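As they're listed, the protein sequences go chains C and D.
Here this note's numbering is used: the first residue of the first sequence is 1, the next is one more, and so on.
Here this note's numbering is used: the first residue of the second sequence is 1001, the next is one more, and so on.
Since the structure comes first, as structure tokens, the remarks are kept for the end.
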Amino acid sequence: MKEIVILSGKGGTGKTSVVASFASLTRDAVMVDCDVDAADLHLVLNPQVEEENEFWSGEVAYIDSEKCNECGLCQELCRFDAIKNFKVDPVSCEGCGFCAHICPLGAVDMRQTMAGHWFVSRSKYGTLVHAKLGIAQENSGKLVSVVRQHARTIAGKENAKYIISDGPPGIGCPVISSLSGAEAALVVTEPTLSGIHDLERVLDVCRHFGIPSAVCVNKYDLNDENTQRIQDYCSDQGVAFAGKIPFDNIVIEALIHKLPVVEYSPECTVSREIERVWQFITE
Amino acid sequence: MILSVASGKGGTGKTLVATNLSLALSSKTRVQLLDCDVEEPNDNLFLRLPISYSQFVYIPIPSIDEAKCTYCGKCSEVCAYNAIAVLPQKVLVFPELCHGCGACSYLCPEEAIVEEGKPVGVVEKGKRDNLELVQGLLNVGETMAPPVIRAVKKYVDVGREVIIDVSPGTSCPVVEAIEGSDFCLLVTEPTPFGLNDLALAVEVVRKMDIPCGVVINRAGMEEGETERYCREQGLPILLRIPLDREIAALYSRGIPLVEGMLQWREVFYELFEKISAMVDGGRNSGDGIKEEHQE
Ligand code: SF4
Ligand code: SF4
């Protein structure tokens, strides 16, 4: 079993379309959507939800106004400015529990919060593990770990050859959670200045965690010069270059029809290039 | 006014809107742009302001004075994040798990813990004419974006029109960045992904009771679904930016729309005026604000 994480740094590079196409090409993988903040993969894979689980995580402080005599100690000590007028703002509260430990009257309680849901679903491409983080919740990193762990278990049971993971944007906590212990990362970027900037940052993260990575440029013909820059950068850095995919409205058409592009239009250049990238990273 | 620019999904054109709005507005008044997308701050790739000021962002993490420590275990017991482990003859601190809450140092009975700053990112400032930029940059490998966002927001200058570029998604860094805004502009694109993520973003701003409106980027394809959603939700569509190769090419080279295609200057300025009027006009029915509870 080989877990391949598809990242992008910057959002909107077409990463999810590429992931969905990979799923359609191999048919021997468990898919996992690690973008728990804004999961999209299910929109293309059209799965049937088979199992729904609650994700309980973290705690939020609660002040019992009956017991509180408004001494103000918690307000003064809270480093996250989460307590105002002897009430806890659950959004700012980081759940550290400092206030509960120091309240002289024991008026502060730490309560578990339900921070989202995660699902095991079946699609015609294989099993998909995905999640929905509750609004304004922390711990997206933890939820990523939960879905990944389940994907691994399922992949083991199904004897799947691959785990294909649609990674979150950025370089922060959820990205790190989706990378640790994976076998390989593919970064899907685009030939824009911001694409390049974010690519460099996300490759730094991969290097930091020792994950072998490859790069593919999507919509490469939007700016050939920048595409060349990316290729040069990769060869400078010793990062594998997996291929380039042209810009074509067919990708969005496929999306609107809720199909992976390699299935919607198997003969188009986009599809053939995606296929080549898949071969490259699985060899 | 504090105006935040967000999008549930990344890559919909949030940076495009935030930078062009700031540039268009700065030809008429003093503007401050806060780039709170600290994982991938990109605004200055377009603005190219010289950075004149830079400051590390630290979080305080514990350091144990083993000469005073009796290995009682209190610190490890109070830490909600398992960032401290107490062994019979040694205390281990895991800085990457620590949130810097201060509980351990305050509660250590032997006063054996002092705090040391650990850098998690930087805040930088740059200026040109009427436009000031404050941007945060999270260190690579670091997980704690919110302290860097908070550090950026400390520089809010209410004497200027403030525009905040928010990171994509719906989780706590997003809330941290939007908090305190008078209006939130949601940038989307007319695809199933764009719509799905727009709906998530709308949930967030509604929960925060902040009025919002929509910008459709790469407009021109099938917009029916997005339009229907906005109508049902009573969300005003304030601007459409067409799917256009020239716009995409300018963007890829880091050239702001208002500089590459001058007609956009007025368009973005009008967008701002529209929003100002909506904010001044109070909470109109179109912005989907709940009735305020009377105690
Ligand atoms: S609470 Fe203080 S004395 Fe007790 S183990 Fe921790 S550092 Fe040592
Ligand atoms: S400061 Fe808070 S989070 Fe950090 S080690 Fe101490 S108790 Fe744990």
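Backbone N, C-alpha and C define an ideal beta-carbon position, used for all residues, glycine too.
Keep in mind it's a predicted model, so treat the numbers as computed, not measured.
- Put simply, of C:Trp118, C:Glu183, C:Asp37, C:Ala242 the residue whose alpha carbon is nearest the alpha carbon of Gly210 (chain C) is C:Glu183.
- The C-beta distance from Val215 (chain C) to Ile230 (chain C) rounds to 7 Å, short enough to fall under 8 Å.
- Around the beta carbon of Trp278 (chain C), a 10 Å sphere encloses 16 or more other beta carbons of the protein chains shown; the residue is thus reported as buried.
- At least 9 Å separates the beta-carbon of Ala115 (chain C) from that of Val129 (chain C).
- Here the alpha carbon of Val1158 (chain D) sits roughly 14 Å from the alpha carbon of Leu1131 (chain D).
- About 6 Å separates the beta carbons of Val1031 (chain D) and Arg1160 (chain D), which is inside the 8 Å limit, making them a contact pair.
- The bridge partners DSSP lists for Asp109 (chain C) are C:Tyr62.
- Taking the Cβ atoms as the reference, Ala160 (chain C) lies roughly 21 Å from Val36 (chain C), outside the contact range of under 8 Å.
- Considering only C:Asp224, C:Gly170, C:Thr153, the residue with the shortest C-alpha distance to Leu203 (chain C) is C:Gly170.
- About 6 Å separates the CB atoms of Leu1235 (chain D) and Gly1213 (chain D); that is less than 8 Å, so the two are in contact.
- Residue contact with chain D for His197 (chain C): present (Cβ-Cβ distance below 9 Å to some residue of chain D).
- DSSP places Met1278 (chain D) inside the alpha helix (DSSP H), whose first and last residues are 1263-1280.
- Contact annotation: in the segment 1193-1221 of chain D, residues whose CB is within less than 7 Å of a CB in chain C are Phe1193, Asn1196, Asp1197, Leu1200, Glu1203, Val1204, Lys1207, Met1221.
- In the three-state reduction of the DSSP assignment, Asn1044 (chain D) falls in the helix class.
- Under the DSSP definition of a beta bridge, Thr127 (chain C) partners with C:Arg122.
- Separation of Val120 (chain C) and Ala1067 (chain D) (C-alpha to C-alpha, rounded to the nearest whole angstrom) is 52 Å.
- Using beta-carbon distances, Ser194 (chain C) counts as an interface residue toward chain D, with a partner under 9 Å.
- Residue state for Leu1133 (chain D) is assigned as strand, using DSSP reduced to three classes.
- The Cβ neighbour count for Leu1262 (chain D), taken over all protein chains shown within 10 Å, is under 16; the residue is labelled exposed.
- Spatial neighbours of Ala39 (chain C) in its own chain (CB-CB distance under 7 Å, excluding positions within 5 residues in sequence) are listed in chain order as Asp33, His130, Ala131, Lys132.
- DSSP places Ala184 (chain C) in the strand class (E or B) of the three-state scheme.
- The Cβ-Cβ distance between Asn226 (chain C) and Arg1253 (chain D) falls below 9 Å.
- Interface residue (Cβ-Cβ distance to chain C less than 9 Å): Asn1042 (chain D) is classified as such.
- Of the residues assessed, Pro104 (chain C) falls on the exposed side of the cut-off, its CB having fewer than 16 other CB atoms within 10 angstroms.
- Between the alpha carbons of Gln1055 (chain D) and Leu1133 (chain D) lies a gap of roughly 14 Å.
- Close partners of Lys1009 (chain D) in chain C (Cβ separation under 7 Å): Gly11, Gly12, Ala38.
- Counting other Cβ atoms within 10 Å of its Cβ, Gly1117 (chain D) stays below 16 and is therefore classed as exposed.
- Between ligand 2 and the CB of His117 (chain C), the shortest heavy atom gap is not smaller than 8 Å.
- For Val175 (chain C), the nearest beta carbon of chain D is closer than 9 Å to its own beta carbon.
- Taking 9 Å as the threshold, the shortest C-beta distance from Leu7 (chain C) to chain D does not fall below it.
- With respect to Tyr1155 (chain D), Ala1199 (chain D) sits apart: the two C-beta atoms are not nearer than 9 Å.
- Those residues of the segment 1034-1063 of chain D placed with their C-beta closer than 7 Å to a C-beta in chain C are Glu1039, Glu1040, Asn1042, Leu1045, ordered along the chain.
- In the DSSP annotation of this structure, the continuous segment of the alpha helix (DSSP H) that includes Lys1014 (chain D) starts and ends at 1014-1026.
- For Thr1188 (chain D), the enclosing beta strand (DSSP E) has its first and last residue at 1183-1188.
- Between ligand 2 and Pro1109 (chain D), a heavy atom-to-CB distance of less than 8 Å is absent.
- Under a criterion of Cβ atoms nearer than 8 Å, the residues of chain C adjacent to Pro1168 (chain D) are, in order, Gly11, Asp37, Ala38, Pro169, Gly170.
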